[in-house]
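In what follows, a structure is listed as structure tokens, so that the remarks can point back to it.
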Amino acid sequence: MRSIKANYLKTVLAALLMLLAVSVASTAVYAEKPLADTLIFEPAGGGKFIYCNNTEGIFRDSLADSSNPNPRYLMSNQNLTPDRYYIYLTHINYTYGYDSAGRPSGLGFDVELDLEITAKEDSTLKIYRAAFQTPKVQRYLDENNDKQFVFHTWGAEDAVATMLDHDIYRLNSDVVYKNKGYTEKTINIKKGQTVWLSEFVEDYAPCGMVLPVFMTADTELISGMVDMNVAVFKSKDGNVGNRSDFD
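Read in order, the letters of the sequence shown are residues -31 to -1, 1 to 216 in mature numbering (1 follows the signal peptide of the UniProt record, and there is no 0).
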């Protein structure tokens, strides 16, 4: 009986020692995992921030083209002089119609968000980085045969990765938002000439109904004077970037 008890105690003790060894080893391995760098934010100083989000929604009366009886800009920044300008435009497409009770009705249409850059005198503009993003949508019919759609993010993480110039890794996930890189551009604009920011970003596309759209750029006006006006247009099928309906 004593032998059985002794063997039993030895077995239990060995099991406990093994568990302890595994626990210590696991702790050691865990401790060796690299920690994320501490995020430190410091003011860059200088320059100006052009932020357009008011109103956040893009409605039919927000449009700058001839489809709107009273076309207008979302934002107008006139007579800008040499300086650094960081541009950040973010909106949601709400171009549905309204029924007789004033309630939202209909599917609306695709729109194109853009920045008009018009030279008041011969000007030189440098674009250090620029990015654009609007989510891709999956559309389907539900059990009632009603049209539904789903998209996976309200954010613009891919565009942000490009602007930060490095990939972004989602915590506890295999998801990586890739920095697509950007080639710095210098643009010479003659007095009275207009260029559009959409000409200098990758992946420019229309924004679908009830979807967000994000456009950003880090620019510097080296010389001259320009207007930078935020505008949105009803998209023309197969003719993205066409501004012929804009005066």
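All residues carry an ideal CB built from backbone N, CA and C; glycine is no exception. Fair warning: this is a prediction, and the values are worked out from it, not measured in the lab.
Check: Please report how far the alpha carbon of D143 lies from the alpha carbon of D127, in whole angstroms.; Outcome: 15 Å
Check: Please classify M178: does DSSP put it in a helix, a strand, or coil?; Outcome: coil
Check: Going along the chain, which unbroken runs of the beta strand (DSSP E) with 3 or more residues stay wholly within the stretch 14 to 60?; Outcome: 17 to 21, 44 to 49
Check: By alpha-carbon positions, which one of G193, D134, P181, A5 ends up nearest to residue 233?; Outcome: Residue 233 falls outside the range modelled here, since the chain spans only -31 to 216, and no answer is possible.
Check: Could you check whether the stretch 81 to 99 touches the stretch 179 to 196, counting it as contact only if at least three pairs of C-beta atoms, one from each stretch, sit closer than 8 Å?; Outcome: yes
Check: Looking only at its chain, what residues have a beta carbon closer than 7 Å to the beta carbon of V(-10), apart from the 5 residues adjacent to it on each side?; Outcome: Its pLDDT being 47, under 50, V(-10) is placed unreliably in this model, and the coordinates cannot settle the point.
Check: How would you write the range of the alpha helix (DSSP H) that T155 sits in, first residue to last?; Outcome: Unbroken run through T155 is the beta strand (DSSP E), 154 to 158; no alpha helix (DSSP H).
Check: Are the beta-carbon atoms of Y20 and Y63 separated by less than 8 Å?; Outcome: no
Check: What is the rounded straight-line gap between the Cα of S213 and the Cα of K17?; Outcome: 31 Å
Check: Within the continuous alpha helix (DSSP H) that includes T131, where are the two ends?; Outcome: 126 to 133
Check: Distance cutoff 8 Å, beta carbons only. Does L32 sit that close to anything in chain B?; Outcome: The chain labelled as chain B is not found in the depicted structure, where only one protein chain is given.
Check: Buried or exposed, going by whether 16 or more other CB atoms sit within 10 Å of the CB of A130?; Outcome: buried
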